[in-house]
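All residue numbers for the sequence shown refer to the working numbering, where the first residue is 708 and numbers rise by one. The beta carbon of each residue, even a glycine, is placed where N, CA and C say it ideally should be. Keep in mind that this is a model prediction, so the values were computed, not measured. Working notes for the structure below.
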Amino acid sequence: MIIEEVDVSGHEDFANHEKVMKCFDKSSGLLAYIAIHNLNLGPALGGCRIWPYLSEADAITDVLRLSKGMTYKSALANLALGGGKAVIIADPKTMKTESLIRAMGRFVESLNGQYITAEDSGTNVEDLKLMSEETSFIAGVQDKKLSDGSEATGDPSPATAYGVFVGIKASLKQKYTNDSLDGIRVAVQGVGNVGRNLSKMLVDAGASVMVSDTYQPALDRITNELDVSVVANEDIVQQKVDVYSPCALGGALNMNTLVEIQAPIVAGAANNQLSNQGAGDYLFHKGIIYAPDYVINTGGIIDIFYEREGYDHKKVMNHIDGIGATLADIFRLSVEQKASTQLMADRLAESRFLGELRDAVA
Ligand code: NAD
């Protein structure tokens, strides 16, 4: 196994990364990168992605961007964590072998805890459990006990959904000075693990929920379980609702959909909702309250952080409740500084992990 540091200082996505390591292991075929963006607040936690990148250059660009994003996310979630990410260049459907996963575990171990890995696209809990036989620097694999005494798996989706629920309430408070969900109309796009759990919380709190999905079994499941209405996926953005909640894939807020949004609030779990910085500015100028995705969807990372600290479900829920206060700060800064919530969230994160109190932070 050859592990070496890669010089990325000239890369356009360098962003002061602490280090990027490359690993090549001939016997298992592992070709992987781990990027550590920042360690100021703690060890770098971030998922391990397996993807058939067309080139090593593409993999490096992805790992640099993703690891930087994790620094911001953890800082905004008030966690003692830095940002990092791992990518394996391989097709997860055909090239994921036991020896490849084990070799990745040894690569993670070689960083002596500077990087803690977790699930991402292409990896699952079984892969992580296998990796944990090679390294202890793993998160998101343990079964846990909830406050009602029931058992749950390591799956962070219910915690993510709870964080989005808290974030929707904070957004309602900003808009209507009242965070009651009674009679509030919410359009949830994508009812997979997060969207389904979120819809249940919303319905239980008295909201009227409409949903869409591109996968019929997901719709069948939710309509069997909950009193929700279904709309065609291409129509969900245009619904006259109080909250539009993108919980499917990234890029939901793009030049086609932005002009169609009728809701005064956009608050959902999906990663990378804004197709670019301009999309955030557009929402701000249109007077739509946007809860930045990497703030509102931090319930899952908070959940897996506590798995390593000693899991206490009540403590986890209390920490997730803090998403509401962080969003309230971001909304206030956005009004005061006449700038998008996305920009204000970035500034707030930087003030935390760079330790500089900027003008943006009161
Ligand atoms: P999931 O795969 O369980 O569910 C996604 C659902 O969206 C599926 O039912 C899928 O059929 C549907 N979908 C896909 N494309 C769609 C489209 N164009 N329109 C409507 N529906 C579509 O994923 P998840 O775990 O529920 O995560 C949802 C989003 O939240 C993702 O963007 C994910 O990255 C993000 N997220 C999830 C977590 C977590 O803890 N699971 C944490 C942070 C962020």
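Could you check if Asp855 belongs to the surroundings of the ligand NAD, using beta carbon to heavy atom distance under 7 Å?
Translated into the one-based positions of the sequence shown, residue 855 becomes position 148. Answer for Asp855: no, Cβ out of range of the ligand NAD.
Within the chosen definition, does the stretch 754-763 reach the stretch 815-833 through at least 3 CB pairs nearer than 8 Å?
yes
Validate contact between the stretch 847-858 and the stretch 915-927 using beta carbons, cut 8 Å, 3 pairs
no
DSSP puts Lys726 in a beta bridge; with which residues?
Reading the sequence shown from its first residue, position 19 is the one you call residue 726. In the DSSP output, where bridge partners are listed per residue, Lys726 has Ile743.
For the stretch 730-748 against the stretch 790-806, do three or more pairs of beta-carbon atoms, one drawn from each stretch, fall closer than 8 Å, so that the two count as touching?
yes
DSSP has Lys880 in a bridge; who is on the other side?
Along the sequence shown, read from residue 1 onward, the residue named residue 880 stands at position 173. Answer is none; Lys880 lacks a bridge partner.
Distance, Cα to Cα, Met708 vs His1026?
Counted from its first residue, the sequence shown places residue 708 at position 1. Counted from its first residue, the sequence shown places residue 1026 at position 319. One C-alpha to the other measures close to 40 Å.
For a test of the three-state rule: what should DSSP assign to Gln896, helix, strand or coil?
If you number the sequence shown from 1, residue 896 lands on position 189. Gln896 falls in the strand class under three-state DSSP.
Using 8 Å as the threshold, is the stretch 808-819 in touch with the stretch 971-983, meaning 3 or more CB pairs across them?
no
Residues that DSSP places opposite Val794 in a beta bridge
Translated into positions along the sequence shown, residue 794 becomes position 87. BP columns for Val794 point to Tyr740, Arg756.
Taking only heavy atoms of the ligand NAD into account, decide whether any of them is closer than 7 Å to the Cβ of Gln896.
Counted from its first residue, the sequence shown places residue 896 at position 189. Gln896: yes, Cβ under 7 Å from the ligand NAD.
Would you check if the stretch 759-777 and the stretch 794-813 touch, i.e. whether three or more CB-CB distances between them fall below 8 Å?
yes
Applying the 10 Å Cβ sphere with the 16-neighbour rule, what's the burial state of Arg1039?
In the sequence shown, the residue the question calls residue 1039 occupies position 332. With fewer than 16 other Cβ atoms within 10 Å, it is exposed.
Neighbourhood of Thr867 by C-beta distance below 7 Å, restricted to the same chain and skipping five residues each side
On the sequence shown, position 160 is the one that residue 867 refers to. These residues qualify, in order along the chain: Val901, Ala976, Asn1004, Gly1006, Gly1007.
Leaving out five residues on either side along the sequence, give the residues of the same chain with a beta carbon under 7 Å from the beta carbon of Asp889.
The sequence position of residue 889 within the sequence shown is 182, counting from 1. Same-chain partners within the cutoff: Gly913.
With DSSP run on the structure shown, which of helix, strand or coil describes Ile823?
Residue 823 sits at position 116 when you count from the first residue of the sequence shown. Looking at Ile823 - three-state DSSP - the assignment turns out to be strand.
Does the Cβ-Cβ distance between Asp920 and Asn940 come in under 8 Å?
The sequence position of residue 920 within the sequence shown is 213, counting from 1. The sequence position of residue 940 within the sequence shown is 233, counting from 1. Contact: yes.
Nearest to Lys1045 by CA position, among Ile710, Lys729, His992, Lys733, is which residue?
Within the sequence shown, residue 1045 is the residue found at index 338, counting from 1. Of the listed residues, the one whose Cα sits closest to Lys1045 is His992.
Met962, buried or exposed, once every other Cβ within 10 Å from all chains shown has been counted against 16:
Taking the first residue of the sequence shown as position 1, residue 962 is located at position 255. By the 10 Å Cβ count, Met962 comes out exposed.
Opening and closing residue of the alpha helix (DSSP H) in which Ile767 lies:
Here residue 767 refers to the residue found at position 60 when the sequence shown is read from its first residue. 763-783 is the span of the alpha helix (DSSP H), which, as asked, contains Ile767.
Classify Leu990 as buried or exposed, calling it buried when 16 or more other Cβ atoms lie within 10 Å of its own Cβ.
The residue labelled residue 990 in the question sits at position 283 within the sequence shown. Its Cβ being crowded by 16 or more others within 10 Å, Leu990 is buried.
Whose CA, out of Val937, Glu841, Glu1014, lies closest to the CA of Val893?
Position 186 of the sequence shown, counted from the start, is the residue given in the question as residue 893. Looking at the Cα atoms, Val937 is the closest of the given residues.
Applying the criterion that 16 or more other CB atoms from any shown protein chain within 10 Å of the CB defines a buried residue, is Ala955 buried or exposed?
Indexing the sequence shown from 1 puts residue 955 at position 248. Result: buried.
As assigned by DSSP and simplified to three states, the class of Ala1067
Here the question's residue 1067 lines up with position 360 in the sequence shown. Note that Ala1067 scores a pLDDT of 41, beneath 50, so its modelled location is shaky and nothing firm can be said.
Within the stretch 928-988, note down every full alpha helix (DSSP H) run reaching 4 residues or more, in order along the chain.
962-965
Measure the beta-carbon distance from Leu933 to Lys907 and round it to whole angstroms, keeping in mind my assumption that it falls under 8 Å.
To locate residue 933, count along the sequence shown from 1; it is residue 226. To locate residue 907, count along the sequence shown from 1; it is residue 200. Confirmed, Cβ separation roughly 6 Å.
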